[in-house]
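These notes concern the structure reproduced below.
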Amino acid sequence: MSERRTASPRRTAARAIALGSSGVLLALALPTTAATAAPGNACDNRTNNSYDKLLGCVTLEGVVEHMEAFQRIADESTDPVYPGSRAAGTEGYAASVEYVAGLLEGAGYTVTLDPVPVEFFYPSTLAQLTPTPAEHPMAIATGTGYGAVEGRVIPVDLNLADDRVNSSGCQAADFAGLGFDGPADIALVQRGSCTFQDKATNAEAAGAEAVVIMNQGDTIGAGDRQGVVSPTLGQYEARGPVVGTSFDAGKALAVAGSTALIDVKEPEQRTDYNVIAELPGENVDNVVMAGAHLDSVTEGPGINDNGSGSAALLETALLMAKSKTPNTLRFGWWAAEEEGLVGSTDYVTGLAPEERERIALYMNYDMVGSPNYYLGVYDANESTFPAPVVVPEGSEAIEAVYEGYYTKVGQPYDDSEYSGRSDYQAFIENGIPSGGLFTGAEVRKTPEQQEIWGGTAGEQFDPCYHEACDDITNYDAGALEVNSDLIAYAMLHFGYSTQDVNGVPGQEVPGPAFTLPAPAGPEGTFAGGGGGLSHDHVHDHDLERESA
78 MSERRTASPR
88 RTAARAIALG
98 SSGVLLALAL
108 PTTAATAAPG
118 NACDNRTNNS
128 YDKLLGCVTL
138 EGVVEHMEAF
148 QRIADESTDP
158 VYPGSRAAGT
168 EGYAASVEYV
178 AGLLEGAGYT
188 VTLDPVPVEF
198 FYPSTLAQLT
208 PTPAEHPMAI
218 ATGTGYGAVE
228 GRVIPVDLNL
238 ADDRVNSSGC
248 QAADFAGLGF
258 DGPADIALVQ
268 RGSCTFQDKA
278 TNAEAAGAEA
288 VVIMNQGDTI
298 GAGDRQGVVS
308 PTLGQYEARG
318 PVVGTSFDAG
328 KALAVAGSTA
338 LIDVKEPEQR
348 TDYNVIAELP
358 GENVDNVVMA
368 GAHLDSVTEG
378 PGINDNGSGS
388 AALLETALLM
398 AKSKTPNTLR
408 FGWWAAEEEG
418 LVGSTDYVTG
428 LAPEERERIA
438 LYMNYDMVGS
448 PNYYLGVYDA
458 NESTFPAPVV
468 VPEGSEAIEA
478 VYEGYYTKVG
488 QPYDDSEYSG
498 RSDYQAFIEN
508 GIPSGGLFTG
518 AEVRKTPEQQ
528 EIWGGTAGEQ
538 FDPCYHEACD
548 DITNYDAGAL
558 EVNSDLIAYA
568 MLHFGYSTQD
578 VNGVPGQEVP
588 GPAFTLPAPA
598 GPEGTFAGGG
608 GGLSHDHVHD
618 HDLERESA
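As structure tokens, this is what we get:
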């Protein structure tokens with residue numbers, strides 16, 4: 078799940094490379110971690126067009142097989158910058174594309190590699206030199222300038238004690254008399270009261286050559302603002318490097334006599350690919366679409382985030398390859414979600430209006446097997462969280478299917494804020510009904526949630542979120558199994574009928590009935606808001622509420 082950076086500008090070149098018998102995949106000169114077909118069995122070769130057939134074939138073992146393949150891809154990647162990952166712009170991501178697209182093409186899908194321009198960010202540095210040398214964690218601000226600055230760290234109106242309420246850097250007067258007249262001055266400002274853009278603008282106007290924005294150090298609801306903050310600067314383009322860091326790192330940098338080196342290297346423009354797979358139905362103008370982001374963060378293989386969603390969606394697609402649903406099925410594996418929803422945004426905004434009209438609905442699967450999980454559903458009906466975005470009409474019907482399924486199989490669930498902070502953002506901004514599942518990221522589980530879903534109170538839903546330890550050991554088998562079944566169920570359900578979503582008449586799913594009960598209702602355990610994702614994780618469209 079993404080936490081920073083902004084989408085690349087729209088391209089004007091042709092959108093897509095279609096895969097065919099000529100083997101376009103080979104022409105991409107991808108690494109030799111090539112896809113190998115899953116073992117053949119009856120499930121792969123029959124028409125899984127009923128709930129009992131499809132759900133009887135969806136297995137945890139089948140999903141985990143794909144996750145293990147993603148782990149091997151990361152392990153075998155010799156990328157010169159980010160080995161051991163499947164991050165955007167790397168050999169590991171390219172091999173992930175090859176794996177997914179190869180299996181889908183072999184299953185009979187029309188597969189398209191959709192080129193996406195991405196910014197490839199090289200490793201950058203925030204190093205304290207004096208009085209105590211240390212490497213500090215950091216995040217590059219969207220809108221940063223580039224280059225290396227080595228010099229004095231100058232704290233600006235910080236509040237490091239008690240409630241930590243501050244207006245650090247919010248006024249030009251905050252910088253007066255602090256000595257920003259040297260050739261390499263680094264302003265240290267604290268999150269709070271005004272936007273990151275204001276802080277960076279005022280710092281540079283005062284003469285700072287670089288800016289460090291430390292987190293505030295307070296607690297908001299179920300989340301805290303102690304960790305690395307990921308600033309967005311809106312429309313401001315800084316002259317020098319601007320980075321975010323944690324509260325503790327900021328305290329270390331604030332001591333008397335502190336000097337530091339900030340080195341933010343200019344990104345390189347590269348091309349990645351979304352993988353789009355389509356299975357035409359009788360109604361080619363009523364497209365049921367689901368997606369998951371395929372990239373990891375640079376720190377590691379990204380097996381829960383988001384190998385879990387990618388694998389569950391891939392297994393569903395392979396098992397539905399002969400399903401012959403009335404509605405057209407379309408699956409998407411997105412590039413560069415971790416860089417700011419780049420691939421999905423590029424895809425949706427690149428479609429002609431009439432092509433967007435064909436999409437009846439979109440379902441998003443980002444982190445569906447968190448090891449300390451809760452079962453979350455995007456709160457389209459706003460029964461728990463007022464949505465900070467416009468919820469497209471029809472989205473509530475998607476939520477109702479998810480909730481009805483959980484109720485039927487006896488699984489308690491809760492709402493996750495309908496925030497647009499994953500790859501459904503571009504779909505909902507274009508009025509396409511959307512929904513999705515989520516099992517939690519960096520927010521800590523409460524004792525009440527432990528009673529309901531088990532796990533460990535006080536620990537993050539995913540303790541390895543955006544860390545190297547997000548590997549093949551980092552998932553909960555129970556959560557992943559029930560969500561994999563639900564992902565398949567929803568695709569078959571809407572493959573036969575989207576009437577409740579967009580009014581297009583459909584058909585009954587063949588075979589024994591699988592009638593959903595009325596939803597039992599969310600557990601209501603997120604008194605602090607968010608639903609498992611901290612509000613610290615923002616994109617540029619969240620600027621107005623990012624610093625509160």
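Position one of the sequence shown corresponds to residue 78 (the numbering used here), numbered consecutively onward.
Think of the CB as a built atom: it goes at the ideal place given N, C-alpha and C, for glycine as much as any other residue.
It should be emphasised that the depicted structure is a prediction, and the values quoted were computed from it without experimental measurement.
Residue 579: beta carbon under 7 Å from a heavy atom of the ligand ADP?
Looking for the ligand ADP in the displayed structure turns up nothing, as the structure carries no ligands at all.
What are the boundary residues of the beta strand (DSSP E) that includes residue 370?
Looking at the DSSP string, the run of the beta strand (DSSP E) that includes residue 370 is 360–370.
8 Å Cβ cutoff met for residue 308 and residue 250
Here residue 308 is not near residue 250, since their CB atoms are 8 Å or more apart.
Excluding the 5 residues flanking residue 122 on each side, which residues of the same chain have their C-beta closer than 8 Å to its C-beta?
Around residue 122: 399.
Alpha carbons only, please: which of 584, 563 and 562 is nearest the one belonging to residue 572?
Residue 572 has its Cα closest to that of 584, out of 584, 563 and 562.
CA-to-CA distance, residue 525 to residue 606, given in whole angstroms:
The straight-line gap from Cα to Cα measures roughly 15 Å.
In whole angstroms, what is the alpha-carbon distance linking residue 609 and residue 449?
Rounded to whole angstroms, the separation of the alpha carbons of residue 449 and residue 609 is 11 Å.
Please report how far the alpha carbon of residue 380 lies from the alpha carbon of residue 318, in whole angstroms.
When rounded, the distance between both Cα atoms is 31 Å.
Return the residue from the list 168, 149 and 148 that minimises the CA-CA distance to residue 155.
Of the candidates 168, 149 and 148, the one whose C-alpha sits nearest the C-alpha of residue 155 is 168.
Boundaries of the beta strand (DSSP E) in which residue 229 is found, first to last residue:
Run containing residue 229: 224–232, per the beta strand (DSSP E) assignment.
Assign residue 306 to one of three DSSP states: helix, strand, or coil.
Of the three classes helix, strand and coil, the one that applies to residue 306 here is coil, per DSSP.
Buried or exposed, going by whether 16 or more other CB atoms sit within 10 Å of the CB of residue 185?
Exposure of residue 185 is indicated by the presence of fewer than 16 other C-beta atoms within 10 angstroms of its C-beta.
Is DSSP giving residue 437 helix, strand or coil here?
Strand, per DSSP.
Of all the options 311, 361, 389 and 396, which has the alpha carbon lying nearest to the alpha carbon of residue 369?
Nearest option by C-alpha distance: 389.
Would residue 320 pass as a contact of residue 215 if the rule is Cβ separation under 8 Å?
Yes, the pair counts as a contact, with Cβ atoms nearer than the cut-off.
First and last residue of the alpha helix (DSSP H) that includes residue 571?
554–573 is the span of the alpha helix (DSSP H), which, as asked, contains residue 571.
Quick one: Cα of residue 272 to Cα of residue 311, how far?
The straight-line gap from Cα to Cα measures roughly 9 Å.
Return the chain-ordered list of same chain residues with a C-beta closer than 8 Å to the C-beta of residue 456, the five sequence neighbours on each side being excluded.
Excluding sequence positions up to five before and after residue 456, its CB lies within less than 8 Å of the CB of 462, 464, 476, 492, 493, 494, 495, 599 and 608, all in the same chain and listed in chain order.
The alpha helix (DSSP H) spanning residue 179 covers which residue range?
Unbroken alpha helix (DSSP H) run through residue 179: 168–184.
Run through the region 378–443 for me and flag every whole alpha helix (DSSP H) of 4 or more residues, listed as ranges in chain order.
Runs of the alpha helix (DSSP H) inside the region 378–443: 386–396, 419–427 and 430–435.
Are there three or more Cβ pairs, one per stretch, closer than 8 Å when the region 364–378 is compared with the region 322–338?
No contact exists between the region 364–378 and the region 322–338.
Restricting to Cα atoms, I'd like to know which of 138, 578, 125 and 451 is closest to residue 519.
For residue 519, the closest C-alpha among the options 138, 578, 125 and 451 is that of 451.
Counting C-beta neighbours from all protein chains within 10 Å, is the total for residue 344 16 or more, i.e. buried, or is it exposed?
Residue 344 should be labelled buried.
Would you mind working out which of 285, 247, 339 and 225 sits nearest residue 235, comparing C-alpha positions?
Of the candidates 285, 247, 339 and 225, the one whose C-alpha sits nearest the C-alpha of residue 235 is 247.
Between the Cα of residue 436 and those of 504, 391 and 419, spot the shortest distance and give me the residue it belongs to.
When each option's Cα is compared against that of residue 436, the closest is 504.
Between residue 265 and residue 126, what straight-line distance do the alpha-carbon atoms span, to the nearest angstrom?
Using only the alpha carbons, I get a separation of about 60 Å.
Leaving out the 5 sequence neighbours to the left and right, which residues in its chain are closer than 6 Å to residue 591 when beta-carbon positions are compared?
Result list for residue 591: 128, in chain order.
Within the region 231–294, ranges of the beta strand (DSSP E) (whole runs, at least 3 residues):
Complete beta strand (DSSP E) runs here, min 3: 262–267 and 287–291.
State the Cα-Cα distance for the pair residue 554 and residue 548, rounded to the nearest angstrom.
For residue 554 and residue 548, the distance between alpha carbons rounds to 14 Å.
Mind checking which residues open and close the alpha helix (DSSP H) that includes residue 121?
Note, residue 121: alpha helix (DSSP H), 119–122.
Cut-off 6 Å between Cβ atoms - residues of its own chain near residue 221, not counting five sequence neighbours on either side
Contacts found: 315, 318, 319 and 341.
Is residue 192 helix, strand or coil when you go by DSSP?
Looking at residue 192 - three-state DSSP - the assignment turns out to be strand.
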